[in-house]
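If you use the UniProt record's numbering, the sequence shown corresponds to residues 1 to 167, in order.
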Amino acid sequence: EKYGYRGIFKRRTGNHTDGCALYYMSSLMELVSHNTVEYYRPQISPSLLNRPNVAIVARLRPVNKAPRVLGRELIVANTHLLYNPRRNDVRFAQIQILLAEIHKIVQNMGSKEPAVLLMGDLNAWPDSPVIKLLEEGSVPSYFSHLPADSGISNQCIYINNNKCKGD
Numbered sequence: 001e002k003y004g005y006r007g008i009f010k011r012r013t014g015n016h017t018d019g020c021a022l023y024y025m026s027s028l029m030e031l032v033s034h035n036t037v038e039y040y041r042p043q044i045s046p047s048l049l050n051r052p053n054v055a056i057v058a059r060l061r062p063v064n065k066a067p068r069v070l071g072r073e074l075i076v077a078n079t080h081l082l083y084n085p086r087r088n089d090v091r092f093a094q095i096q097i098l099l100a101e102i103h104k105i106v107q108n109m110g111s112k113e114p115a116v117l118l119m120g121d122l123n124a125w126p127d128s129p130v131i132k133l134l135e136e137g138s139v140p141s142y143f144s145h146l147p148a149d150s151g152i153s154n155q156c157i158y159i160n161n162n163k164c165k166g167d
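What follows is the structure, given as structure tokens:
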């Protein structure tokens with residue numbers, strides 16, 4: 001904080017000491033709210049969601065002294081998706097959960113239209129399902145989505161009460 005930044009840290013699931021961090025300049029933005037996201041959800045899919053990766057989703061608001069260009073609220077998401085190059089399916093499931101979390105926060109804002117910034121280590125190649133979903137909004141139907149009873153639709157939106165099964 002002595003350098004003018006505030007931050008949020010989410011440790012990876014389990015006994016890990018690393019995780020995700022999100023820092024913002026407190027003279028320009030203030031934290032309205034934040035959610036931490038754990039992708040470890042074996043009750044939804046034991047083979048897909050059994051990794052300790054995490055994310056942070058924060059809602060930031062410009063403070064009065066901020067330059068006019070920062071006039072609207074900002075949703076910032078930071079994540080580190082699974083590295084294993086053979087597990088596109090796991091990364092795809094993880095990004096679906098993150099997008100549902102972002103959508104939940106935006107929906108709860110009502111009529112406000114925030115800017116959304118998604119960042120992190122996606123461990124994804126340009127032609128991967130994760131990148132296709134982020135760039136195009138969809139992926140070919142042959143690529144599997146989360147299980148139907150996960151609580152997240154194929155559009156990466158929570159189906160019931162803004163919660164994922166098992167939360």
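Think of the CB as a built atom: it goes at the ideal place given N, C-alpha and C, for glycine as much as any other residue.
Practice item. Give me whichever residues DSSP pairs with P62 in a beta bridge. Key: Per DSSP, M29.
Check your understanding: Residues in its own chain within less than 8 angstroms of M25 by CB, not counting five upstream and five downstream?
Key -> G4 and Y5
**Study point:** Cβ neighbours of residue 178 in the same chain (closer than 7 angstroms, five flanking residues each side left out)
**Key:** Nothing about residue 178 can be reported from this structure: the residues present for the chain run from 1 to 167 only.
Check your understanding: Thinking C-alpha only, which one of L146, E30 and K2 is nearest A93?
Key -> L146
**Study point:** Same chain, Cβ closer than 7 angstroms to P52, five either side skipped, listed in chain order
**Key:** R12, T13, G14, H16 and Y40
**Study point:** Beta-carbon proximity check, A58 vs V37, cutoff 8 angstroms
**Key:** no
Point to revise | Beta-bridge partners of C20, as assigned by DSSP | key: K10
Practice item. Identify which residue in V32, G120 and L82 has its Cα closest to the Cα of V63. Key: V32
Practice item. Could you say which of N108, E30, L74 and N154 lies nearest to I95 if we only look at CA atoms? Key: N154
Review point. L82 lies in the alpha helix (DSSP H); which residues open and close that run?
Key: Segment: none, L82 is in no alpha helix (DSSP H) and carries neither H nor E.
**Study point:** Where V106 sits in the DSSP three-state scheme
**Key:** helix
Review point. Is N88 near P129, with beta carbons less than 8 angstroms apart?
Key: yes
Point to revise | Minimum C-alpha distance to A21 - residue among P126, M119, Y142 and S27 | key: M119
Review point. Is it buried or exposed for S138, if we count other Cβ within 10 angstroms and need 16 for buried?
Key: exposed
Point to revise | Simplified DSSP assignment, three categories, for A55 | key: DSSP places A55 in strand when its eight states are reduced to three.
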